[in-house]
Structures are given as C-alpha cells and as structure tokens.
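Just so you know, the protein sequences line up as chains A and B, in that order.
Each residue of the first sequence is one higher than the last, beginning at 7 in my numbering.
Each residue of the second sequence is one higher than the last, beginning at 106 in my numbering.
So the structure is just underneath, and the comments pick up after that.
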Amino acid sequence: MKTADEIYELLKKEFGEAILSLDKETPVEPIISIAPLHTNKIALFLRDNEELKFDSLMCLSGVDDANGEKIKEEDGSETIKGGTLSVYYHLYSIPLKHKITLKASVPRENPEIESVESIWRTADWHEREAYDLIGIKFLNHPDLRRILMPYDWEAGHPLRKDYKNPEFYQGMKVPY
Amino acid sequence: MGLLDKEFSEDNIVIAKVDDLMNWARLSSIWQLGFGLACCAIEMMATSASHYDFDRFGVMPRNTPRQADAIIISGTVTLKMALRIKRLYEQMPDPKYIISMGSCSNCGGPYWEHGYHVLKGVDRVIPVDVYVPGCPPRPEALLEGLLKLQEKIRNESLRKKSA
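Given below as structure tokens:
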C-alpha cells in the first residue's frame, strides 16, 4: 500500500517533466496532474510496476473546466475561448489496495490526449463518452465514435459549458 | 352498447351493425407491440403480469410491429429513439393506436428544459390517441388509459377513422 506522496515520487523519478504536480488540498482524493501526450506511457507504468499494480481503472471522466475567457454573444448566450478541458482517471490496485486520481488537462481549442484503451479496456467506452459529450479527442483509440448521441449529431458536444442546443434534429423540433 | 340487443330468441341469429361488430372485435383484442423505453416500461410490465393482468382486456404483447394493433410509448423518448419509434409505427398495419404513457412521452417530463437529447412529447413524431399522465403512472392509470382507448374504438365508424 502506497501513499499519494510515494506514488508521486515514483512517477516523478520515472517520467520527470511529464508529471506536473501533486495536489493534496482536494476535498476527497489527492490528484496528480500529468501531461496529456504521455498518458499511455504513464498508465502502462502504473499498471505494470511491481510496487504500484494499478490493475483497475475505476472511472474515466471528461470535464469542462470552463476557465477560459467568457465572451457574451449578441443573443445573450456565452461562448468560452481558451482555457482547458480535463480528463480524470480514478485508479485502484486490487492486490495492493491503494488508489490514486490522475488529471490531464488539454487546451480547449485542440483537445488531444493519448488513449489508455490498450492498457485498461474499461477506458474504451469511457473515452468514447468523453469524446461524445465533451469533445476530447483520444489519439490511437481504435473506435472513437459517439456512444450516446446519434452518430449524425452535428450540434457539438452537449456537456460543454457553452453548448447550444439546435432548433431541429432530423426535422424534429428540439426545444420545448 | 348492446351488441346482442337484436338477438332472435329462438334461432342462432344475431343482427348487429358491421360497425359495432368490427369495433367490438378490435377493442377486445388490442395486441400491443412488446416495446418498453424506461421506468414506465416496468409499470407496463407490472400491468401485463398476473396481478393486474392486461390479458383480461385482450391485450397481449406481440414481438413484431406487423402483428401489433397498439404501441404503448412507455418512457423517455430520446431523439435517437424517436426515429426508430417512427419506423416501428410505420411498420404497423392499420388500424393502429398509440398510448403515450407517462410524463416523458407526453411532454418531455422532467427533461423538458435541460434535456438536450429528449424529444418533448412523442406526439411530435407520431399521432397519439390516449395520454396517460404520471411519473410513472400506476398500473391502474394505464388500465384506465386502455379503457379510454377502447371507448374511442367503440365509437369509430368504418366510413371514417376517428381514433
């Protein structure tokens, strides 16, 4: 069983620059921030290292941080420019009984991150969901299609904070 | 309604209007499409089960729209599902009837404002005969909806489809 500090030190020693920070002030779990284009390598290390053995990805979620510049549109709505989207990984080690949360932030305008689907198969549909609802592109994902919204949905990604619902979809009126 | 009002007392002859006879036959064997969407479907299944026994009204589930007379829209209609519901409805033979069960399929229900993926009422894609309110409606409410539908069919005429 390892503490967040020990896990952070192990990662820092192995990956250096790609491990950004450790935040222990969060209300529930300590969070390690990592660089988005190294997630696959870090994930493989976390799973296969004898001292870590993170064999279970409990959850993978996409988040719109909405920390960019908010621009008021003429119709009263708001669009967000700049800032980040984030992916959170909740990991658990069944043999060693310890857990950790990882966070990788990507720029809103070019949200590209490495897929961890080949490391934890759980990530397959979770990444598709994050892509569908937030619009994060997972590089090297084998089947990055929408999972919940219709395949021909063109109005964007609904859980973004500046998302606007369309008037019509396939001839059906969408608003109440 | 008195289908047998004009029964001849001694012979095996019954005189009835074709309208009455057809309507009676239709309303007594409404075969529904075995089709459920969300939590309302659980109540619909409870209505079909032995305690409430939908079958005593001649309602039984069919597994293909080709053999179904009615479809009970039991649950939230998402935009993705709406297209499929429309296709199923088109595959059913006439005369066909629709019961919209529960707030979601009546008007969008709790998703009316922020449900980016929900169709705000199934009547935006197919014509509904009976609306059953509730979230979800109890089996008694669904049975009442069925009785209303039967009443509607009873007053139909061959010359003009009203339901």
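By construction, the Cβ of each residue, glycine as well, lies at the ideal position given by its N, Cα and C atoms.
Counting only beta-carbon separations shorter than 9 Å, does residue i have a partner in chain B?
i, result
"A:N169", "It is Tyr, not Asn, that sits at residue 169 of chain A in the sequence shown. So yes, A:Y169 belongs to the interface."
"A:V180", "yes"
"A:Y137", "no"
"A:L102", "no"
Identify the contact partners of residue i in chain A, using a Cβ-Cβ distance below 7 Å as the criterion.
i, result
"B:E195", "By Cβ distance, chain A contributes nothing, its closest Cβ being about 15 Å from B:E195, past 7 Å."
"B:Y221", "P164, N171"
Mind checking whether the beta-carbon of residue i lies closer than 8 Å to any heavy atom of the ligand FAD?
i, result
"A:G89", "The ligand FAD is not part of this structure, which contains no ligands at all."
Is the shortest distance between the beta-carbon of residue i and the beta-carbons of chain A less than 9 Å?
i, result
"B:H156", "no"
"B:A187", "yes"
"B:W217", "yes"
"B:K122", "no"
"B:L224", "yes"
Just to confirm my understanding: we take residue i, look at its own chain, exclude 5 residues before and 5 after, and list those with CB closer than 6 Å. What are they?
i, result
"A:M64", "H96, Y98"
"A:I13", "I106"
"A:S39", "L26, S27, K109"
"B:S179", "G141, L142, C145, A146, M149, M206"
"A:A161", "P172"
"B:E218", "none"
"A:T128", "L63"
"B:S153", "F159"
"B:V227", "I178, V182, S205, S210"
"B:Y236", "S205, N211"
Buried or exposed: which applies to residue i, given that a residue is buried once 16 or more other Cβ atoms fall within 10 Å of its Cβ?
i, result
"A:F60", "buried"
"A:I125", "buried"
"A:V174", "For clarity, residue 174 of chain A is Phe in the given sequence; the question names Val instead. Answer is exposed; the Cβ neighbour count stays below 16."
"A:L145", "exposed"
"B:C209", "buried"
"B:P104", "A query on residue 104 of chain B cannot be resolved here, the shown segment of chain B reaching from 106 to 268 and no further."
"B:V223", "buried"
"A:E23", "exposed"
"A:D130", "buried"
"A:Y182", "exposed"
"B:M106", "Unreliable placement is indicated for B:M106, whose pLDDT of 49 sits below 50; the coordinate value is still reported in the next sentence. Exposed, by the Cβ-count rule."
Quick one: list the residues of chain A neighbouring residue i, beta-carbon separation under 8 Å, in chain order.
i, result
"B:G213", "Y182"
"B:V230", "M178"
With a CB to CB cut of under 7 Å and the five nearest residues on each side skipped, what residues in its chain are close to residue i?
i, result
"B:N128", "I258, R259, E261"
"A:K103", "M7"
"B:S155", "none"
"B:S134", "G163"
Am I right that residue i and residue j are in contact with their C-beta atoms under 8 Å? What's the rounded C-beta distance?
i, j, result
"B:G250", "B:I203", "Their Cβ separation, rounded to whole angstroms, is 11 Å, which puts B:G250 and B:I203 out of contact at 8 Å."
"A:H44", "A:E120", "7 Å"
"B:R167", "B:G213", "Rounded, the Cβ-Cβ distance is 28 Å, inconsistent with contact."
Who are the neighbours of residue i on chain B, taking C-beta pairs under 7 Å?
i, result
"A:P156", "L184, K185"
Name the chain B residues that come within less than 8 Å of residue i, Cβ to Cβ?
i, result
"A:Y175", "L184"
At 9 Å on the CB atoms, spell out the chain A contacts of residue i, in chain order.
i, result
"B:L142", "Those within 9 Å of B:L142 in chain A number zero; the least Cβ separation is about 15 Å."
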